[in-house]
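Engineer: Have a look at this one before I ask anything.
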Amino acid sequence: VLIMRSLLIFSLWCLFVQDSIGGNSLDFSWMGITSLRKPFISDKHLTDLNLSHNHIWNISSEVFEDLPSLVYLNLSHNFFLFSMLKFENISVLETLVLDEAVIADLDTFDIIYLEEETLEDEYNRLNELETRHNYEFDITFTQDWTLPKLKHLYLRGHNIEHIEFADVDALDLLMPEISHLYLSNNKLITFDLEKTLPMSLQELYLDDNKLTNFDADNLNNVVVLALDGNNIKNFCDINEPCEGITLKHSYSLEVLSVSRMGLENIAPEAFKFLVNLIKLDMSDNVINSFPNNALSDLLSLKILFIDNNVLDAVPETKGLNHLEKLWLSKNLISNLTEKSFSDDLKQLKSLNLSNNIIISISSGAFDKLGSLEELDLSKNMLYTLPNDWIPNNIYLQYLQLRENLFQNFSSLALGRAKNLKYVSIGGNRFSTMDLGLLAELPKTAIIDFEDTLS
């Protein structure tokens, strides 16, 4: 066994040397490596090193010190302690990937290495290390984490509960150029960094954690913020703190995602500082209404997702002059009237109202949507539509009417749809198939009858 292992190590080392001669990148993933000890690699030209999907449980200090040009390091999907990572002489490292790599430091099991251990010993140790991925733990940043050029840090897929600091006060003192921080799929209970976010940080991913509160006095230059999948019920008023999301002075924020978190309540001035927000995703929550003018502060908004909530009416859209895409599918909307949409939706191109319980659409309901190109009304309870439900002033090209309650083609009232390129009407129970009624459509229009019931 020991001879075979020695031969394997020697063969892998030869591969290392051969690859290092041939270029600036080494892919050493899926190799079964268990330990990184000096001497490891000495190459002043190596820039990219991939050690992912191994069984690395032991990392000696200063193991990377002979790689002064290293820019990208991937250690994801391994089994080592966070405290083992020490970075010296890696002043140019820009991307560090540690997804599903760090394990809990438990007193119940000592990590030791035996020079003459058997494969059974190694197998037992790896099994124990594998179980440590299931334990919650904290991580502590120290001076050993001084990475002056680091821009992207990935720490996804762990059970991290808290992030702490020792001998240093803030993240930007260690990583002054950090721009992307990925902490998705952890067990974070609090995120204290929200008070001292680095000025360099542009994208912050905290989705699928256990946060119940996110109170940011200043997001500085953060452009993207993901909080999906946490347990936050309220979007708080900036002047009335509450347990939930509070976003003050978030002038740089352009993308905000707060889906799948059980969000119920939206305060009247929750979005007061989000004047440059372009995309807002509030899908898969339990929102039943919005206060009057709550959305009017979103002056730059182009994309709004409120799918899969419990809205019984289209929320007020006053002030959304730049909105291009509005998705309201999987709600409880039953009627559309001439008051459902505001005059400010002149730029709206895509509207999704599928999977509601819409039973009627009034004449003039879409008259204010002069730029509308895509409309999805599938999976509702529509029986008939008024003859003038499609305004002459819109350029509707794609229309979904699948799986409603239409019984004949005349009830679709498509006579004014002069610009249609595609219409889907399958899944309805047509009693007659009078194709002549569709002759008014453009000759090049595609009519999708798939799954039509008769």
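Take the sequence shown: its letter number 453 is residue 453 in the UniProt record's numbering, and every next letter is one higher.
Every residue gets a Cβ at the ideal spot worked out from N, C-alpha and C, and that includes glycine.
Starting from K325, follow the beta strand (DSSP E) in both directions and report where the run begins and ends.
Structural biologist: Start and end: 325-327.
Engineer: Using a Cβ-Cβ cutoff of less than 8 Å, which residues in the same chain neighbour A166 once the five nearest sequence positions on both sides are dropped?
Structural biologist: Cβ within range, chain order: T140, F141, T142.
Engineer: From the DSSP output, in three-state form, read off F82 for me.
Structural biologist: DSSP places F82 in helix when its eight states are reduced to three.
Engineer: Give me the Cβ distance between K421 and A445, rounded to the nearest whole Å; I'm assuming they're in contact under 8 Å.
Structural biologist: At roughly 6 Å, the Cβ-Cβ gap stays under 8 Å, so K421 and A445 are in contact.
Engineer: Does the pairing of the segment 340-349 with the segment 380-394 give three or more beta-carbon distances under 8 Å?
Structural biologist: Cβ pair count under 8 Å is below three, so no.
Engineer: Considering only the alpha carbon of each residue, which of L49, E88, T317, S52 lies closest to S61?
Structural biologist: Nearest option by C-alpha distance: E88.
Engineer: Using CA coordinates, which residue listed in N428, V423, K187 is at the minimum distance from K443?
Structural biologist: It is V423 whose Cα lies nearest to the Cα of K443.
Engineer: DSSP on Q143, reduced to helix/strand/coil?
Structural biologist: Helix, per DSSP.
Engineer: So who's on the other strand from S257, going by DSSP bridges?
Structural biologist: DSSP, once it has assigned bridges, lists A226, D281 as partnering S257.
Engineer: Does DSSP put G22 in a helix, a strand or coil?
Structural biologist: Caution applies to G22, whose pLDDT of 48 falls short of 50 and renders its modelled position unreliable; the model cannot decide the point.
Engineer: Return the residue from the list N58, F64, I59 that minimises the CA-CA distance to L49.
Structural biologist: Among N58, F64, I59, the Cα nearest to that of L49 belongs to F64.
Engineer: DSSP on L153, reduced to helix/strand/coil?
Structural biologist: In this structure, L153 counts as strand in the three-state DSSP scheme.
Engineer: Can you list, in chain order, the residues of its chain with a C-beta nearer than 6 Å to that of L153? Leave out the 5 residues immediately preceding and following it.
Structural biologist: For L153, where only same-chain residues beyond five positions count, the Cβ hits under 6 Å are L96, L181.
Engineer: Grab me the residues of S200's own chain with a C-beta within less than 6 Å of its C-beta, minus the 5 sequence neighbours each way, in chain order.
Structural biologist: Hits under 6 Å: E177, I178, S179.
Engineer: Kindly provide the ranges of any beta strand (DSSP E) runs that are 3 or more residues long and lie completely inside the segment 420-444, ordered along the chain.
Structural biologist: Whole beta strand (DSSP E) segments, 3+ residues: 422-424.
Engineer: Can you name, in chain order, every residue of its own chain whose Cβ lies under 6 Å from the Cβ of L328, other than the five neighbours on each side?
Structural biologist: These residues qualify, in order along the chain: I306, L353.
Engineer: Within the continuous beta strand (DSSP E) that includes V97, where are the two ends?
Structural biologist: Note, V97: beta strand (DSSP E), 95-97.
Engineer: Please name the residue, chosen from F406, P148, T146, N186, that lies closest to R156 on a Cα-to-Cα basis.
Structural biologist: The candidate whose alpha carbon is nearest that of R156 is N186.
Engineer: Which complete beta strand (DSSP E) runs does the segment 173-258 hold, if anything under 3 residues is left out?
Structural biologist: Within the segment 173-258, the complete beta strand (DSSP E) runs of at least 3 residues are 180-182, 203-205, 214-216, 224-226, 245-247, 255-257.
Engineer: Using DSSP with H/G/I as helix, E/B as strand and the rest coil, what is D376?
Structural biologist: Reduced to three states, the DSSP call for D376 is strand.
Engineer: Given that a residue counts as buried once 16 or more other Cβ atoms are within 10 Å of its Cβ, and exposed if not, what is L405?
Structural biologist: Label assigned to L405: exposed.
Engineer: Who are the near neighbours of Y113 in its chain, counting only those whose CB is closer than 8 Å to its CB and skipping five residues on each side?
Structural biologist: Model confidence at Y113 stands at a pLDDT of 49, short of 50, so the residue's coordinates are unreliable; what they give is reported in the following sentence. Excluding sequence neighbours, Y113 sits near S35, N58.
Engineer: Please identify the residue among H162, L197, E374, N285 whose C-alpha is closest to the C-alpha of D260.
Structural biologist: The identity of residue 260 in the sequence shown is Arg, whereas the question assumes Asp. Answer by Cα proximity: N285.
Engineer: Could you tell me the distance, in whole angstroms, from the CA atom of V71 to the CA atom of W145?
Structural biologist: If I take the Cα positions, the gap works out to 15 Å.
Engineer: Report buried or exposed for R37, applying the criterion of at least 16 other Cβ atoms within 10 angstroms of its Cβ.
Structural biologist: Exposed, by the Cβ-count rule.
Engineer: By a C-beta neighbour count over all protein chains shown, 10 Å radius and 16 as the cutoff for buried, is N239 buried or exposed?
Structural biologist: Per the 10 Å Cβ criterion, exposed.
Engineer: Where does G22 land, buried or exposed, given buried means 16+ other C-beta within 10 angstroms?
Structural biologist: With a pLDDT of only 48 at G22, under the threshold of 50, the placement of this residue in the model should not be trusted; the figure read from the coordinates follows. Exposed is the call here.
Engineer: With distances taken between CB atoms, is the gap from L46 to N24 smaller than 9 Å?
Structural biologist: Yes.
Engineer: What does a CB cutoff of less than 7 Å around A270 pick up in its chain, not counting 5 residues either side in sequence?
Structural biologist: Within the same chain, A270 has close Cβ partners F235, C236, D237, A294.
Engineer: Excluding five sequence neighbours on each side, which residues of the same chain lie with their C-beta closer than 8 Å to the C-beta of H322?
Structural biologist: Within the same chain, H322 has close Cβ partners L299, S300, L301, K302, Q347.
Engineer: Can you tell me where the beta strand (DSSP E) holding Q400 begins and where it ends?
Structural biologist: Start and end: 398-400.
Engineer: Hey, would you say L206 sits closer than 9 Å to L188, going by beta carbons?
Structural biologist: Cβ atoms of L206 and L188: closer than 9 Å.
Engineer: Determine the direct distance from the alpha carbon of N231 to that of K151, and round the result to whole angstroms.
Structural biologist: Distance between the alpha carbons of K151 and N231: 29 Å.
Engineer: Helix or strand or just coil, what does DSSP make of A28?
Structural biologist: At residue 28 the sequence reads Phe, which differs from the Ala that was named. F28: coil per DSSP, three-state reduction.
Engineer: By alpha-carbon positions, which one of D192, L75, N221, L326 ends up nearest to T212?
Structural biologist: Measuring from the Cα of T212, the nearest candidate turns out to be D192.
Engineer: Take the Cβ of V310 as the centre, count every other Cβ of all protein chains shown within 10 Å, and call the residue buried at 16 or more, exposed below.
Structural biologist: Label assigned to V310: exposed.
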